[in-house]
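Asks:
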């Protein structure tokens with residue numbers, strides 16, 4: 053216990069030192085040349101990066117720094133700041149959060165998962181696939197944290213139905229890792245599945261005027277995530293070996309669909325339909341609307357539809373305390389940072405300085421970007437990482453004469469593939485807390501999944517983006 057306390061004390065000490073040094077570096081760079089707008093933007097960016105990496109304060113608090121500094125430093129005026137924190141994609145994720153909140157409140161996600169598991173069968177091979185598929189599909193639409201928290205008790209009940217042995221312990225380990233990894237992989241598939249996806253879209257829209265729709269993202273994210281999921285399942289099935297056909301007595305409770313569950317599911321299905329077909333609807337009717345409009349409308353409808361034959365609605369305002377509002381602030385802070393770098397011409401400076409990289413072969417640079425993103429996010433927030441790197445990598449792409457998407461999309465997808473450490477993602481931390489997975493086991497299996505993911509994202513991006 054004393055060793056843990058001393059480690060925490062050292063970590064807190066490092067945070068304090070990092071915070072002080074970050075502030076000193078900020079002051080020196082910002083006021084070294086008081087007339088240099090670029091210096092001020094770089095100083096603010098470095099301050100935020102240091103605070104994000106060392107978590108001097110919560111990462112969401114760091115995202116408020118542009119609100120304090122941008123106007124005094126003449127980087128952005130209040131109107132431009134408001135546009136950053138009120139970006140279209142911030143509201144897309146807000147609407148997605150509200151929809152996910154309704155799914156969780158009425159246990160729609162549990163109904164879906166229990167039916168998938170019942171269909172898959174009772175052999176270890178099919179149980180592994182069933183749990184993975186449930187986590188994968190659900191995390192496309194609700195947070196990977198909520199998905200893992202729901203699937204974990206179901207997985208533990210399966211594990212407890214086995215007799216203790218070396219083989220059963222291997223199956224238990226694979227089942228736990230499947231739940232966590234599939235939840236992270238599923239988030240890659242949709243624009244609302246993982247915060248980095250929306251952050252990238254918001255940054256590109258505000259800084260470069262490039263809009264990526266829900267359907268456009270899904271055309272890239274879904275195939276890549278599906279391939280990674282198939283590789284995950286295949287890899288774990290091989291490790292499972294001769295146990296694949298062994299049966300386990302499972303007891304997954306399947307309740308009848310209730311009226312509120314049906315209403316939430318119908319609302320959710322309509323929103324997905326409008327997201328996927330928005331382009332066709334706009335072309336056919338001439339009525340212009342955004343994916344965020346659909347998401348927020350779906351959220352509003354849930355506050356209007358009665359849950360049963362009484363005055364209670366499917367959602368009430370008190371339910372919204374469960375929405376992770378900090379992530380929305382983090383979106384805004386990242387977009388404000390990118391806008392500051394663009395307005396101060398720091399990004400133009402990066403563009404000019406990357407001309408020397410034009411001699412690099414595209415695939416080598418792409419491999420480097422994907423690898424840095426994937427392994428860096430093992431140690432820091434993937435959302436903060438994407439906030440910092442997307443505007444820089446976008447200018448790097450332009451400097452090399454490449455499409456912005458060709459670098460930024462792989463970077464963002466790789467940021468969701470942190471499989472090695474418990475601190476890397478909430479799903480990893482949740483399954484580690486179960487006591488069924490050790491750090492060494494997670495690091496070993498996670499390393500192989502990282503390598504597989506790098507190759508899949510690299511090859512798909514090289515040939516199709």
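Numbering (my numbering), first residue to last: 53 to 517. Backbone N, C-alpha and C fix where the C-beta goes; we use that ideal spot for every residue, glycine too.
Label residue 420 either buried or exposed according to how many other C-beta atoms from any shown protein chain fall within 10 Å of its C-beta, with 16 as the threshold for buried.
Replies: Working through the chain shown from its first residue, we reach residue 420 at position 368. Looking at its Cβ environment, which holds fewer than 16 other Cβ atoms inside 10 Å, residue 420 is exposed.
Asks: Three Cβ pairs or more, each shorter than 8 Å: is that satisfied between the segment 460-473 and the segment 125-143?
Replies: Touching, no, given that fewer than three Cβ pairs across the two stretches are closer than 8 Å.
Asks: Go ahead and label residue 53 buried or exposed: buried means 16 or more other beta carbons lie within 10 angstroms of its beta carbon, across all protein chains shown.
Replies: Here residue 53 refers to the residue found at position 1 of the chain shown. For residue 53, the pLDDT reaches just 43, beneath the cut-off of 50, and the residue's location in the model is therefore unreliable, leaving the point undetermined.
Asks: Looking only at its chain, what residues have a beta carbon closer than 7 Å to the beta carbon of residue 154, apart from the 5 residues adjacent to it on each side?
Replies: Position 102 of the chain shown, counting from 1, holds the residue named residue 154. 316, 354, 366, 367, listed in sequence order.
Asks: What are the uninterrupted segments assigned as alpha helix (DSSP H) that are 4 or more residues long and contained completely in the segment 473-512, given in chain order?
Replies: Whole alpha helix (DSSP H) segments, 4+ residues: 478-485.
Asks: Do you know how far the Cα of residue 399 is from the Cα of residue 444?
Replies: Taking the first residue of the chain shown as 1, we reach residue 444 at position 392. Taking the first residue of the chain shown as 1, we reach residue 399 at position 347. So the alpha carbons of these two residues sit roughly 7 Å apart.
Asks: Does DSSP put residue 205 in a helix, a strand or coil?
Replies: Locating residue 205 in the chain shown gives position 153, where the first residue counts as 1. In the structure shown, residue 205 sits in a helix (DSSP, three-state: H, G or I).
Asks: Starting from residue 152 and walking both ways along the alpha helix (DSSP H), at which residues does that stretch end?
Replies: For this step, residue 152 is matched to residue 100 along the chain shown. Unbroken alpha helix (DSSP H) run through residue 152: 140-157.
Asks: On the DSSP letters alone, give me the boundaries of the alpha helix (DSSP H) that residue 518 sits inside.
Replies: A query on residue 518 cannot be resolved here, the shown segment of the chain reaching from 53 to 517 and no further.
Asks: Whether or not the segment 471-479 and the segment 384-392 are in contact is what I'm after, with contact meaning three or more pairs of Cβ atoms, one per stretch, closer than 8 Å; do they touch?
Replies: No, they do not touch.
Asks: Between the segment 233-251 and the segment 277-289, can you find at least three pairs of beta-carbon atoms closer than 8 Å?
Replies: These segments touch.
Asks: Just verifying my parser: in three-state terms, what is the DSSP assignment at residue 242?
Replies: Along the chain shown, one-based indexing puts residue 242 at 190. Coil.
Asks: By alpha-carbon positions, which one of 227, 318, 324 ends up nearest to residue 265?
Replies: What you label residue 265 is simply residue 213 of the chain shown in a count that begins at 1. The shortest Cα separation from residue 265 among 227, 318, 324 belongs to 324.
Asks: Quick check on this structure: which residue in 498, 439, 499, 190 has the alpha carbon closest to the alpha carbon of residue 165?
Replies: As a first step, residue 165 must be located in the chain shown, where it is residue number 113. Ranking the options by Cα distance to residue 165, first place goes to 190.
Asks: Let me check one thing: in DSSP terms, what residues is residue 175 bridge-paired to?
Replies: In the chain shown, counting from the first residue as 1, residue 175 sits at position 123. 299, per the DSSP bridge assignment.
Asks: Can the beta-carbon of residue 243 be found less than 8 Å from the beta-carbon of residue 232?
Replies: In the chain shown, the residue the question calls residue 243 occupies position 191. In the chain shown, the residue the question calls residue 232 occupies position 180. Going by C-beta atoms, residue 243 is not nearer than 8 Å to residue 232.
Asks: What's the C-alpha gap between residue 516 and residue 150?
Replies: Translated into positions along the chain shown, residue 516 becomes position 464. Translated into positions along the chain shown, residue 150 becomes position 98. Looking at the two C-alpha atoms, the distance is approximately 33 Å.
Asks: Please state whether the Cβ-Cβ distance between residue 299 and residue 174 is less than 8 Å.
Replies: To locate residue 299, count along the chain shown from 1; it is residue 247. To locate residue 174, count along the chain shown from 1; it is residue 122. Result yes, Cβ atoms of residue 299 and residue 174 sit closer than 8 Å.
Asks: Assign residue 124 to one of three DSSP states: helix, strand, or coil.
Replies: By one-based count along the chain shown, residue 124 stands at place 72. Looking at residue 124 - three-state DSSP - the assignment turns out to be coil, as it is neither helix nor strand.
Asks: In whole angstroms, what is the alpha-carbon distance linking residue 432 and residue 223?
Replies: As a position in the chain shown, residue 432 is number 380, starting the count at 1. As a position in the chain shown, residue 223 is number 171, starting the count at 1. Going by the C-alpha atoms only, they are around 30 Å apart.
Asks: Do you know offhand how far residue 226's Cα is from residue 286's?
Replies: Working through the chain shown from its first residue, we reach residue 226 at position 174. Working through the chain shown from its first residue, we reach residue 286 at position 234. Distance between the alpha carbons of residue 226 and residue 286 is about 12 Å.
Asks: Is there contact between the segment 304-315 and the segment 92-107, where contact requires at least three CB pairs shorter than 8 Å?
Replies: Contact fails: fewer than three Cβ-Cβ distances are below 8 Å.
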